[in-house]
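Visitor: Per our numbering: the sequence shown = residues 1 to 146.
Pasting a structure here, questions to come.
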Amino acid sequence: MIYDRLDSSLPYHGLNPHFPAAFSFLQRSDLDMLTPGKYDVENGLVTIVVDGDNLGEEKAELESHQEHIDIHYTITGVDRIGWKPVSRSTVSKHYNPANDTTFYNDHPQTGVDVAPGYFAIFFPHDAHATMAGTGRVRKIVMKVLL
Numbered sequence: 001m002i003y004d005r006l007d008s009s010l011p012y013h014g015l016n017p018h019f020p021a022a023f024s025f026l027q028r029s030d031l032d033m034l035t036p037g038k039y040d041v042e043n044g045l046v047t048i049v050v051d052g053d054n055l056g057e058e059k060a061e062l063e064s065h066q067e068h069i070d071i072h073y074t075i076t077g078v079d080r081i082g083w084k085p086v087s088r089s090t091v092s093k094h095y096n097p098a099n100d101t102t103f104y105n106d107h108p109q110t111g112v113d114v115a116p117g118y119f120a121i122f123f124p125h126d127a128h129a130t131m132a133g134t135g136r137v138r139k140i141v142m143k144v145l146l
């Protein structure tokens, strides 16, 4: 997992060929105007706009992905995201290639509060439980193909 400010994202551009386009998209000034839903940014890069109430720690499920890296960026509110290494997590729903997701029945080991202007990157070895806080959040999830 990587957690940082969007204005400090340049060092991460080299981690994946789609990262420059992903971070460029996140720097748009109209993110708060986008309708919730899925947007294709380029081949290998999809944006999902989420606007809703946080689930709370008890309802947020740990998940991981094998074919994508997630970049979570908060527009408004605070997105509490729990984290635990996949290697220390117990599978509850085995990998589904249709949605590139494995679910786990563990509780997060730790977490971060992703406030506006910040992002968190989750790699295939990072189980993460999003929207685990309270209140309303508007966020972007970038699905970056490996």
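From the three backbone atoms N, C-alpha and C, an ideal C-beta is built for every residue, glycine too.
I'd like the span of the beta strand (DSSP E) that includes L145, first residue to last.
Guide: Taking the first residue of the sequence shown as 1, we reach residue 145 at position 145. 136-145 is the span of the beta strand (DSSP E), which, as asked, contains L145.
Visitor: Looking at the secondary structure, which residues open and close the alpha helix (DSSP H) in which L26 lies?
Guide: If you number the sequence shown from 1, residue 26 lands on position 26. Where L26 is concerned, the enclosing alpha helix (DSSP H) stretches over 19-26.
Visitor: Check each candidate in P124, R28, F19, F119 and name the one with the smallest Cα separation from R80.
Guide: Taking the first residue of the sequence shown as 1, we reach residue 80 at position 80. Nearest C-alpha to R80: F119.
Visitor: So who's on the other strand from V112, going by DSSP bridges?
Guide: Locating residue 112 in the sequence shown gives position 112, where the first residue counts as 1. Beta-bridge pairing links V112 to I81.
Visitor: Within a Cβ cutoff of 8 Å, which residues of the same chain sit near P20, ignoring the five residues on either side of it in sequence?
Guide: Within the sequence shown, numbered from 1, the residue matching residue 20 stands at position 20. The residues are H13.
Visitor: Can you find the residues in the same chain that come closer than 8 Å, C-beta to C-beta, to H125, ignoring five residues on each side of it along the sequence?
Guide: As a working note, residue 125 is residue 125 in the sequence shown. Same-chain partners within the cutoff: S64, P85, V86, S87.
Visitor: Within its chain, find whatever has a CB closer than 7 Å to the CB of T74; leave out the 5 residues flanking it on each side and keep chain order.
Guide: On the sequence shown, position 74 is the one that residue 74 refers to. Here the set comprises V114, A115, P116, Y118, V137, K139.
Visitor: Between A60 and M131, is the Cβ-Cβ spacing less than 8 Å?
Guide: Residue numbering aside, residue 60 sits at position 60 when the sequence shown is read from its first letter. Residue numbering aside, residue 131 sits at position 131 when the sequence shown is read from its first letter. Yes.
Visitor: Tell me which residue opens and which closes the beta strand (DSSP E) that V49 is part of.
Guide: Within the sequence shown, the letter at position 49 stands for residue 49. First-last of the beta strand (DSSP E) with V49: 45-53.
Visitor: Let me check understanding here. Comparing Cα to Cα, which of Y95, L15, E57 lies closest to T110?
Guide: As a working mapping, residue 110 is identified with position 110 in the sequence shown. T110 has its Cα closest to that of E57, out of Y95, L15, E57.
Visitor: G37: buried (16+ other C-beta within 10 angstroms of its C-beta) or exposed?
Guide: In the sequence shown, the residue the question calls residue 37 occupies position 37. Its Cβ having fewer than 16 others within 10 Å, G37 is exposed.
Visitor: Considering only the beta carbon of each residue, do A129 and P108 sit closer than 8 Å?
Guide: Residue mapping note: residue 129 aligns to position 129 of the sequence shown, counting from 1. Residue mapping note: residue 108 aligns to position 108 of the sequence shown, counting from 1. Result yes, Cβ atoms of A129 and P108 sit closer than 8 Å.
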